[in-house]
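Here the sequence shown stands for residues 196 to 523, where the numbers follow the working numbering.
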Amino acid sequence: MTSSLTAHLATFAFHAPSLPECCTSYVNAVIGSEDLKAFKKASRSLPDHDGPESQLAFDFLEDVFRAAYEAYSTHQDTRDGESTFNGLFIYRFLVAVCKALKDHSCQADFKRDEANLVAMSKQLIALGLEVDNKSQYKADGLIKFYGLNQLEALLLETSGSLNNTDKVKINFDHHKAIFGSLAMLKTVADEFPHASIKTFKDLKVYFVHAAGLTGTKVHLWSIRFRPQETYELWRESSLEIMPSFEDRLKFLPALIQFFWSIKGLLDKSVEVIVALRDEHEKIQAESRRFASPPRLTDIVNPIILRLSQEEDSAGVSKLGPFYSPPHD
């Protein structure tokens with residue numbers, strides 16, 4: 196591997212902040228429970244803690260364990276459809292992520308079930324296309340920053356039930372989410388056109404894709420803008436869903452790490468968006484006296500495309516995604 200490629204790959208590196216050390220004994224007590232009754236009791240036995248960082252972490256863990264208990268104690272067939280997959284293993288954990296973000300002023304919240312991706316509608320309208328209810332991009336879920344111009348930062352696509360291995364559906368949803376993420380990225384640029392490209396290059400938007408070759412994976416992908424008007428797609432992490440309580444010692448630490456990493460990445464996105472907003476407002480005020488630099492909205496121009504499952508699923512099914520063995 197060349198040194199330039201190594202340096203480039205290093206720019207993708209993100210080390211999510213670890214949970215505070217004071218959480219360790221609580222986590223061990225819960226996941227070490229011998230049965231569901233003990234699991235539920237241990238999850239409610241929060242130790243004393245001080246400080247906002249510890250409070251966020253314990254609130255997050257309590258939400259995660261409560262959601263895990265609901266998944267473990269359900270009488271439903273965990274493979275019974277997409278809504279069951281989302282309800283038991285996705286939605287509640289993304290809600291926990293939103294509640295755990297450091298900057299509460301961003302007002303992060305998770306919108307579920309056929310959520311309209313407003314960014315896509317805005318971009319299609321900007322291209323002169325008519326947008327009605329049928330032509331809207333409907334995601335399986337969205338994380339929006341309601342305190343930051345209602346910008347969308349993460350979308351969810353779930354490709355059927357747990358254990359679904361339909362490659363046509365999986366590959367279509369993957370490419371649908373890519374174009375949805377590009378629309379989110381473009382919308383941020385349009386919202387703060389006077390911000391700098393230097394800061395904008397630090398922004399990532401995300402999509403969670405619940406799918407995989409085995410039908411039991413949840414993948415976290417990111418997209419960011421790069422020089423020469425290119426866009427980089429990167430798989431940040433993945434999680435193997437293990438619905439059995441007997442697998443808790445292996446599954447729960449991985450689940451906690453996966454969603455805590457999403458929280459850390461979204462914290463960074465909030466920081467970058469706030470910086471873009473501040474730069475935009477400053478340059479906008481100065482442009483009344485000086486010539487303004489090139490606008491971000493004119494530089495960031497990805498292809499905007501809303502895929503249709505009826506028309507496009509067969510074509511994109513041959514285009515991947517293709518996973519590398521070390522990350523599967």
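Even for Gly, the Cβ is constructed at its ideal location relative to N, Cα and C.
For residue i, I'd like the list of residues in its chain whose CB is within less than 6 Å of its CB, leaving aside the five on either flank, ordered along the chain.
| i | result |
| --- | --- |
| ARG274 | SER356, LEU357, ASN358 |
| TYR332 | LEU312, MET315, GLY375, ARG501 |
| ASP385 | THR492 |
| VAL413 | ALA405, LEU434 |
| ARG307 | TYR286, GLY336 |
| LEU471 | PHE387, ALA390, THR394 |
| ALA295 | LEU251, PHE255, LYS458 |
| CYS301 | PHE340, GLY342, LEU343, VAL465 |
| GLU347 | ALA314, LEU337, LYS339, MET379 |
| GLY276 | SER356 |
| CYS217 | HIS244, SER249 |
| TYR401 | LEU349, SER417 |
| PHE260 | VAL225, SER238 |
| PHE454 | PHE288, VAL292 |
Give me the DSSP bridge partner(s) of residue i.
| i | result |
| --- | --- |
| LEU214 | Per DSSP, none; premise fails for LEU214. |
| THR527 | Examination of residue 527 is not possible in this model, given that the chain is present from 196 through 523 alone. |
| GLY336 | ARG307, LEU351 |
| PHE420 | TYR426 |
| LEU346 | PHE340 |
Taking the continuous alpha helix (DSSP H) assigned at residue i, which residues delimit it?
| i | result |
| --- | --- |
| TYR426 | Premise fails: TYR426 lies in the beta strand (DSSP E), 425-435, not in any alpha helix (DSSP H). |
| ALA390 | Neither: ALA390 is in no alpha helix (DSSP H) and is coded neither H nor E. |
| LYS399 | From DSSP, LYS399 is part of no alpha helix (DSSP H); its letter is neither H nor E. |
| LYS146 | Residue 146 lies beyond the stretch modelled for the chain, which goes from 196 to 523, so this question has no answer here. |
| LYS364 | 362-386 |
| THR492 | 491-494 |
| SER316 | 313-321 |
| ASP254 | 247-268 |
Under the three-state reduction of DSSP, which class applies to residue i: helix, strand or coil?
| i | result |
| --- | --- |
| HIS414 | strand |
| PRO521 | The predicted position of PRO521 is uncertain, since its pLDDT is 46 and thus under 50; a value taken from the coordinates is nonetheless stated next. In the structure shown, PRO521 sits in a helix (DSSP, three-state: H, G or I). |
| ARG239 | coil |
| LEU357 | coil |
| LYS294 | helix |
| ASN328 | coil |
| THR529 | Since the first and last residues shown for the chain are 196 and 523, residue 529 lies out of range. |
| ILE285 | coil |
| THR201 | Because the pLDDT of THR201 is 49, which lies under 50, any placement of that residue in the model is unreliable, and the question is left without a value. |
| ILE499 | coil |
| THR273 | coil |
| SER524 | Lying outside 196 to 523, the shown extent of the chain, residue 524 is not represented and no answer is given. |
| HIS244 | coil |
| SER228 | coil |
Output needed for residue i: all residues of its chain with C-beta closer than 8 Å, excluding positions within five of it in sequence on either side, in chain order.
| i | result |
| --- | --- |
| PRO388 | HIS475, ARG490, LEU491, THR492, ASP493 |
| TYR264 | LEU231, PHE234, LYS235, SER238 |
| ASP298 | ASP462, VAL465, GLU466, VAL469 |
| ASP272 | THR279 |
| SER220 | PRO242 |
| GLN345 | VAL313, LYS339 |
| LYS445 | MET437 |
| GLU424 | ILE494, VAL495, ASN496 |
| ALA266 | THR273, LEU283, PHE284, PRO438 |
| LEU377 | ILE418, TYR426, PRO497, ILE498, ILE499 |
By Cβ distance below 7 Å, which residues in the same chain neighbour residue i in space, the five residues on each side in sequence not counted?
| i | result |
| --- | --- |
| ILE392 | LEU491, ILE494 |
| PRO215 | GLU248, SER249, ALA252 |
| SER268 | LEU231 |
| ILE320 | VAL326 |
| ASP304 | CYS293, LYS339, TYR341 |
| PHE420 | LEU380, PHE395, LYS396, TYR426, VAL495 |
| ARG443 | ILE226 |
| GLN479 | HIS389 |
Cβ of residue i within 7 Å of any heavy atom in the ligand SAM?
| i | result |
| --- | --- |
| GLN479 | Ligands are entirely absent from the displayed structure, and the ligand SAM is therefore not among its contents. |
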